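Here the numbering used here is used: position 401 in the sequence shown is 1545, and no number is missing along the way.
One structure is given here, and the rest of the page talks about it.
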Amino acid sequence: MARRKEKKPTPRPSRQPNRTNPVSPIDAPSRNDEPLATTSNRDSSIALAVAAFTIAVFLPALRNDFVNWDDYDLLVNNPYYRGLGWQQLAWMFSTFHQGHYQPLSWITLAVDYYLWGLNPVGYHLTNILLHGANAALFFLIAQKLLSVARSTPATDFGLRAAAGLAALFFAVHPLRVESVAWATERRDVLSGLFFLATVYCYLRAVIDTDDGARQSRGWLGASVLCFACSLLAKASGVTLPLVLLLLDVCPLGRITWLAGRALRTAPRHVWLEKVPFALLALLAGIVAPLAQSDAAAVASLHAHGLAARAAQASYGLVFYLWKTVWPFDLAPLYEVPPRIDPVAWPFLPSAAVVIALSVGLWIFRRRWPAALACWLSYVVIVAPVLGFVQSGRQLVADRYSYLPCLGWALLVGAGWFFLWQRRTVSWLGSRKPAVPVALAAAMVVGLALVTIQQIAIWRDSDTLWNQVISVADRSTFKSATAHHMVARLAADRGDLDNALAHLKTSIAIEPNDYAIYTDLGVVLSRRGEPAEAIRALEQALSMKPTLAVSHYNLASALAVQGRLDEAIARLETALKLQPDYPQGYNALGKIYAAKGDLVKAIALFRRALYIRPDFAEAQHNLARALDEAKQK
């Protein structure tokens, strides 16, 4: 009987491009034969240890108070998020409060309020726990990506250590402090959690499961769901579909940029699976600008031209990269200057650095594909906040680095793994693992110590704004906002001389801000200088005549001088601009009471109390007016 001819197994085609040039050991993108879609108990334990260390580093933030940089507007003085009833949920899913669409973030803040009231400890604790979870999740992601890139089993000790270093470099870096220690930035850490979960589920879907199996489809569906949640917490990860394509290039090797027709010959499902992500990103890309416009936070093209925006973007790309390497002189606000000169320092050198890096990494893309992938992912993620659509007062912001710098943390882990695998070479000075381990420990401990110092800056409003002034005074860009905020704090304490000095400094930096002139008028009025107060308030109104509070403040100054008819006219204008302004009705009632018209005064006091029933001053004024009316 003839022997049956055995069929030779067909070798599995490689997903990596053929390479003829030598490749750096860090960047060699080859496929690991060992399945990577499972996570062992040991990996989970390491992830928990990473989270625990991260949480421990950020625990000092529990001592921090709310600050007068959005916290009061978002949390302390905002009753609408306090509860999980239909009324509160409807508000959360429909509001653009503070220029963001963030319903999931509002829900977590509502839970905080239910548990803690307005105790800032609870809000900070939730931020810290979310950030710890992000650190753990990033460890698992880094482990998978490094394992694929280095063709090393995920259980390898050195690879696990490299992934842990990458996660800790990200998590305890001082640039993370703003996102974690600032209660307002709940949206950053929550959006980041779902962003990382999206990437993790995506990797589980595509690593060793590209055959379209049910398990792969399940992980891919979970990835899409996590992306939707990330966008509902904050739209900072809107460019994630492009990041997934970059991961397909390096290190996954599902697409290649090294062969001319590779992008056309990639399997169709590699492209189709991105469609749900792209549709969600498109929807978020429509909603986010609407939210910013609703808050009147977007700078016009006339005020902030294309050249200025390009210069700001170049500076931002260099700033976040430089501060990742040198995390000192960090501040809660780096204020955009009144005018950006694209050919001046530091904008022109920044543009040169960006061009040089981009060209250099492209030229050496065969030798260092991971470096180019990290650079491109960094640019893609940070692009929405580089100033092309300028929103707010910031030139750059530490919080904007939360997601974009993930790639640099991964590159740090890859670089350390390269040293670990070559720890026997002579230039390390030792044939033992002590040197790379000591380097990693020194890096993590050093970053943690600087982070703890940075957390203290967010202790309260005074420490926050004094840090902004301190950093601004040593830099090219001064901060009118910081001096303005310090002036408000001083005025609240009754230190009117200090408040006046900071307001004058603020005006010297930014002479076209109506809010500064408004506060200047109030301070001057409180100092007993009504004539100067009136000039300042008239200046504020010339800049923004539709602001009710400026008319109210001017009326108060006019009333002090006995110019009651002019004060009445200003208050009537204020109430036309803002009909639900209880302070305006109360002030107008006081003037009519002083003029002897108690009937009008009583009606105005009642109107003020109708709008705000707990308005103590209006209650007192109404009772007094009623008593006087009875005596007549």
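Each residue gets a CB set at the ideal place from its N, CA and C atoms; glycine is no exception.
For clarity, every value in this text was computed on a predicted model and none was experimentally measured.
Backbone secondary structure at residue i - three-state DSSP
| i | result |
| --- | --- |
| Leu1715 | helix |
| Ser1535 | strand |
| Glu1673 | coil |
| Tyr1544 | helix |
| Tyr1478 | strand |
| Leu1262 | coil |
| Gly1336 | helix |
| Pro1433 | helix |
| Asp1709 | helix |
| Lys1288 | helix |
| Thr1296 | coil |
| Asn1765 | helix |
| Ile1484 | coil |
| Phe1508 | coil |
| Lys1116 | Only positions 1145 to 1776 of the chain appear in the structure, and residue 1116 is not among them; the question remains open. |
| Leu1530 | coil |
| Asn1176 | Summary for Asn1176: the model assigns pLDDT 41, below 50, so the residue's position carries little reliability; its value from the coordinates is reported in the next sentence. If DSSP states are grouped into helix, strand and coil, Asn1176 belongs with coil. |
| Gln1722 | coil |
| Phe1283 | helix |
| Thr1662 | helix |
| Val1382 | coil |
| Thr1400 | coil |
| Ser1570 | Per-residue confidence for Ser1570 stands at a pLDDT of 49, beneath the threshold of 50, marking its modelled position as unreliable; no derived number is given. |
| Phe1472 | coil |
Among the options, nearest to residue i - alpha-carbon criterion
| i | options | result |
| --- | --- | --- |
| Ala1129 | Val1469, Glu1322, Ser1545 and Val1667 | A question about residue 1129 goes unanswered here, because the residues of the chain that appear run from 1145 up to 1776. |
| Val1704 | Gly1429, Val1666 and Pro1689 | Val1666 |
| Ala1773 | Lys1288, Ser1295, Phe1197 and Leu1742 | Leu1742 |
| Val1316 | Phe1282, Glu1329 and Val1292 | Phe1282 |
| Leu1530 | Cys1518, Tyr1464 and Leu1719 | Tyr1464 |
| Leu1477 | Ile1199, Ser1188, Asp1214 and Ile1746 | Asp1214 |
| Ala1432 | Leu1633, Arg1751, Gly1243 and Pro1297 | Gly1243 |
| Thr1328 | Asp1473, Ala1280, Ala1298 and Asn1221 | Asn1221 |
| Leu1376 | Ile1251, Thr1649 and Val1594 | Ile1251 |
| Ala1435 | Ile1651, Ala1306, Ile1746 and Pro1247 | Pro1247 |
| Gly1781 | Thr1296, His1764 and Val1693 | Here the chain covers residues 1145 to 1776 and nothing more, so residue 1781 does not appear. |
| Pro1481 | Arg1453, Phe1508, Ser1188 and Trp1506 | Arg1453 |
| Glu1676 | Pro1411, Arg1361 and Tyr1661 | Tyr1661 |
| Ala1769 | Ala1747, Ala1645 and Pro1757 | Ala1747 |
| Phe1562 | Ala1584, Val1414, Gln1534 and Ala1205 | Ala1584 |
| Leu1388 | Gly1728, Gln1722 and Gly1551 | Gly1551 |
| His1268 | Leu1206, Val1255 and Leu1450 | Leu1206 |
| Val1533 | Val1503, Gly1362, Ile1613 and Gly1449 | Gly1449 |
| Phe1691 | Val1414, Arg1707 and Thr1717 | Strictly speaking, residue 1691 in this sequence is Leu, with Phe absent from that position. Nearest of Val1414, Arg1707 and Thr1717 to Leu1691, Cα basis: Thr1717. |
| Phe1186 | Pro1420, Thr1299, Arg1756 and Leu1290 | The sequence given here has Arg at residue 1186, not Phe. Comparing Cα positions, the closest option is Thr1299. |
| Ser1188 | Asn1263, Ala1280, Tyr1225 and His1241 | Ala1280 |
Opening and closing residue of the alpha helix (DSSP H) in which residue i lies
| i | result |
| --- | --- |
| Leu1233 | Trp1230 to Met1236 |
| Leu1640 | Leu1640 to Ile1653 |
| Cys1394 | Unbroken run through Cys1394: none, as it is neither H nor E. |
| Ile1351 | Unbroken run through Ile1351: none, as it is neither H nor E. |
| Phe1314 | Phe1301 to Ala1315 |
| His1244 | Element bounds for His1244: n/a, residue is neither H nor E. |
| Thr1778 | Because the chain is modelled from 1145 through 1776, residue 1778 falls outside the range shown and cannot be assessed. |
| Pro1513 | Pro1513 to Val1526 |
| Gly1460 | Leu1450 to Val1469 |
| Trp1489 | Per DSSP, Trp1489 belongs to no alpha helix (DSSP H) and is neither H nor E. |
| Ala1327 | Counting along the chain, Ala1327 falls outside any alpha helix (DSSP H), and DSSP gives it neither H nor E. |
| Arg1756 | No alpha helix (DSSP H) holds Arg1756; DSSP gives it neither H nor E. |
| Phe1562 | Leu1550 to Gln1565 |
| Gly1733 | Pro1726 to Ala1738 |
| Arg1412 | Arg1412 to Leu1416 |
Enclosing beta strand (DSSP E) for residue i [first to last residue]
| i | result |
| --- | --- |
| Leu1539 | Gln1538 to Val1540 |
Cutoff 8 Å: residue i Cβ touching any chain B Cβ
| i | result |
| --- | --- |
| Gly1308 | No chain B appears in this structure, which consists of one protein chain only. |
heavy atom of the ligand SAH below 7 Å from residue i C-beta
| i | result |
| --- | --- |
| Ser1291 | Of the ligands one can find in the structure shown there are none, so the ligand SAH has no counterpart to examine. |
Segment contact flag, the stretch 1623-1639 with the stretch 1219-1230, C-beta cutoff 8 Å, min 3 pairs:
By the Cβ criterion, the stretch 1623-1639 is not in contact with the stretch 1219-1230, since fewer than three pairs of Cβ atoms, one from each stretch, lie closer than 8 Å.
With three or more C-beta pairs closer than 8 Å as the rule, is the stretch 1453-1468 touching the stretch 1476-1494?
Taking a cut-off of 8 Å on C-beta distances, the stretch 1476-1494 touches the stretch 1453-1468, as three or more cross pairs fall below it.
With three or more C-beta pairs closer than 8 Å as the rule, is the stretch 1520-1534 touching the stretch 1379-1394?
With a cut-off of 8 Å, the stretch 1520-1534 and the stretch 1379-1394 count as touching, because enough Cβ pairs lie within range.
Runs of beta strand (DSSP E) wholly within the stretch 1583-1629 (minimum 3 residues, chain order)
Segments of the beta strand (DSSP E) lying fully in the stretch 1583-1629: there are none.
Quick check for students: name the residue ranges of the beta strand (DSSP E) that lie wholly in the stretch 1186-1240, counting only runs of 3 or more.
Within the stretch 1186-1240, no complete beta strand (DSSP E) run reaches 3 residues.
Determine contact between the stretch 1361-1378 and the stretch 1300-1313, defined as no fewer than three beta-carbon pairs at a distance below 8 Å.
The stretch 1361-1378, when compared against the stretch 1300-1313, does not touch it at the 8 Å Cβ threshold.
Contact the stretch 1676-1684 vs the stretch 1696-1710: 3+ CB pairs below 8 Å
A contact exists between the stretch 1676-1684 and the stretch 1696-1710.
May I ask you to verify whether the stretch 1210-1226 touches the stretch 1602-1613, counting CB pairs closer than 8 Å and requiring at least 3?
The stretch 1210-1226 makes contact with the stretch 1602-1613, as at least three CB pairs between them are under 8 Å.
Below 8 Å, can you find three or more Cβ-Cβ pairs linking the stretch 1264-1278 to the stretch 1185-1204?
As far as the Cβ criterion goes, the stretch 1264-1278 touches the stretch 1185-1204, which means the pair count is three or higher.
Check whether the stretch 1548-1559 and the stretch 1323-1331 are in contact - that is, three or more C-beta pairs closer than 8 Å.
The stretch 1548-1559 makes no contact with the stretch 1323-1331; the number of CB pairs closer than 8 Å stays below 3.
Segment contact, 8 Å Cβ cut-off, at least three pairs: the stretch 1504-1521 with the stretch 1642-1661
No: the two stretches stay apart, fewer than three of their Cβ pairs being nearer than 8 Å.
Are the stretch 1328-1347 and the stretch 1537-1553 in contact at 8 Å, needing three or more beta carbon pairs?
Two segments are said to touch when three or more pairs of C-beta atoms, one from each, lie closer than 8 Å; by this definition the stretch 1328-1347 touches the stretch 1537-1553.
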